[in-house]
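Engineer: For reference, the structure I am asking about is given below.
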Amino acid sequence: MTFTGFDPDAPRFYAELSENNTREWWQQNRARYAQTVRGPVEVLADVLGAEFGPVKIFRPHRDVRFSADKRPIKDHIGFVTTPADGTAHYGQLNEHGLMLAGGVYQPSRDQLRRFRALVDDNRLVGDLEATLEELEENGFTIMTDGALATAPRGYPRDHPKIELLRLTNLAISQPHPIDDWMFGDDALGRILQAWRLVSTWNAWLLENIGPAVDPATAR
Numbered sequence: 313m314t315f316t317g318f319d320p321d322a323p324r325f326y327a328e329l330s331e332n333n334t335r336e337w338w339q340q341n342r343a344r345y346a347q348t349v350r351g352p353v354e355v356l357a358d359v360l361g362a363e364f365g366p367v368k369i370f371r372p373h374r375d376v377r378f379s380a381d382k383r384p385i386k387d388h389i390g391f392v393t394t395p396a397d398g399t400a401h402y403g404q405l406n407e408h409g410l411m412l413a414g415g416v417y418q419p420s421r422d423q424l425r426r427f428r429a430l431v432d433d434n435r436l437v438g439d440l441e442a443t444l445e446e447l448e449e450n451g452f453t454i455m456t457d458g459a460l461a462t463a464p465r466g467y468p469r470d471h472p473k474i475e476l477l478r479l480t481n482l483a484i485s486q487p488h489p490i491d492d493w494m495f496g497d498d499a500l501g502r503i504l505q506a507w508r509l510v511s512t513w514n515a516w517l518l519e520n521i522g523p524a525v526d527p528a529t530a531r
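What the sequence shown shows, in our numbering, is residues 313 to 531, in sequence order.
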């Protein structure tokens, strides 16, 4: 099958879910979810998998065992690649739009150490900044979720590259508000283009930071 866009009902589904996130509503709308939300994403995952490797679609249910938020269903559908090198390509659709992203989310301590050492090296940081600038010209920005409130240990608070040093995730994202192109033939080309840009970031990370050695993540 060929991916011809998301179903226009998908964002409506999540808009209604935000007002009715209960198990009862979910049971009444499970078939709708399978047809208009997950169905097109399964087709997209198959197409993307041919170029980027297997694509996993996340389950709709939230794990509420250790959360104060007891809403049972996620407010989005997400899909991701999971190669052995630790990089990823990611997509997420909800009532507000589509986010395309990738990189290394929750890098290991050793990866963050190497990244920060590179940022602190005037001979090397320019290549990183040029790579990020090119990505920004194409709509991607570095993700600042979870960034440190201050400089990491061993670096001055007034470091000229403090914003990069404060990062704890080495990922980029490109948000798209709901638009007509998402529901037609143009969607596949735009998603492919975005994920190919993510591939350039992933390649930079592997070449300059390398895979994780210490599996523990750092914050």
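Virtual Cβ for every residue (Gly too), placed ideally from N, Cα, C.
Report yes if the C-beta distance between Ile484 and Ala413 is below 8 angstroms; otherwise report no.
Structural biologist: Counted from its first residue, the sequence shown places residue 484 at position 172. Counted from its first residue, the sequence shown places residue 413 at position 101. Yes, these two residues count as a Cβ contact at 8 angstroms.
Engineer: Find the nearest neighbour of Leu360 within the set Arg324, Gln423, Gly501 and Val376, judged by alpha-carbon distance.
Structural biologist: By 1-based counting over the sequence shown, the position of residue 360 is 48. Selected option, being the one with the closest Cα: Gly501.
Engineer: Going by the DSSP bridge assignment, what does Gln404 pair with across the sheet?
Structural biologist: In the sequence shown, residue 404 corresponds to position 92, counting from 1. In DSSP, Gln404 forms a bridge with Gly390 and Met411.
Engineer: In the DSSP assignment, the beta strand (DSSP E) including Ala483 goes from what residue to what residue?
Structural biologist: Your numbering for residue 483 matches position 171 in the sequence shown. From DSSP, the beta strand (DSSP E) with Ala483 extends over Leu482 to Pro489.
Engineer: Where does the unbroken beta strand (DSSP E) through Ile369 begin, and where does it stop?
Structural biologist: Locating residue 369 in the sequence shown gives position 57, counting from the first residue. Unbroken beta strand (DSSP E) run through Ile369: Val367 to Ile369.
Engineer: Can you check whether the CB of Arg428 is closer than 8 angstroms to the CB of Ala459?
Structural biologist: Along the sequence shown, read from residue 1 onward, the residue named residue 459 stands at position 147. Along the sequence shown, read from residue 1 onward, the residue named residue 428 stands at position 116. The answer is no: Cβ separation not under 8 angstroms.
Engineer: Since Pro323 contacts Glu407 with CB under 8 angstroms, what's their CB separation in whole angstroms?
Structural biologist: Here residue 323 is taken as the residue at index 11 of the sequence shown, counted from 1. Here residue 407 is taken as the residue at index 95 of the sequence shown, counted from 1. Correct: roughly 5 angstroms between the Cβ atoms.
Engineer: Given this structure, state the Cα-to-Cα distance separating Arg469 from Gln486, to the nearest angstrom.
Structural biologist: By one-based count along the sequence shown, residue 469 stands at place 157. By one-based count along the sequence shown, residue 486 stands at place 174. When rounded, the distance between both Cα atoms is 29 angstroms.
Engineer: Would you mind stating whether Leu436 and Leu509 have Cβ atoms separated by less than 8 angstroms?
Structural biologist: As a first step, residue 436 must be located in the sequence shown, where it is residue number 124. As a first step, residue 509 must be located in the sequence shown, where it is residue number 197. For Leu436 and Leu509, no; Cβs fall outside 8 angstroms.
Engineer: From the DSSP secondary-structure annotation, give me the bridge partner or partners of His373.
Structural biologist: Position 61 of the sequence shown holds residue 373. Bridge partners of His373: Ile385.
Engineer: Does any heavy atom of the ligand NAP sit closer than 7 angstroms to the C-beta of Ala429?
Structural biologist: Among the components modelled here there is no ligand, and therefore nothing to report on the ligand NAP.
Engineer: State the DSSP-derived secondary structure class of Ser284, mapped to helix, strand or coil.
Structural biologist: No information on residue 284 is available, as it lies outside the stretch 313 to 531 that the chain covers here.
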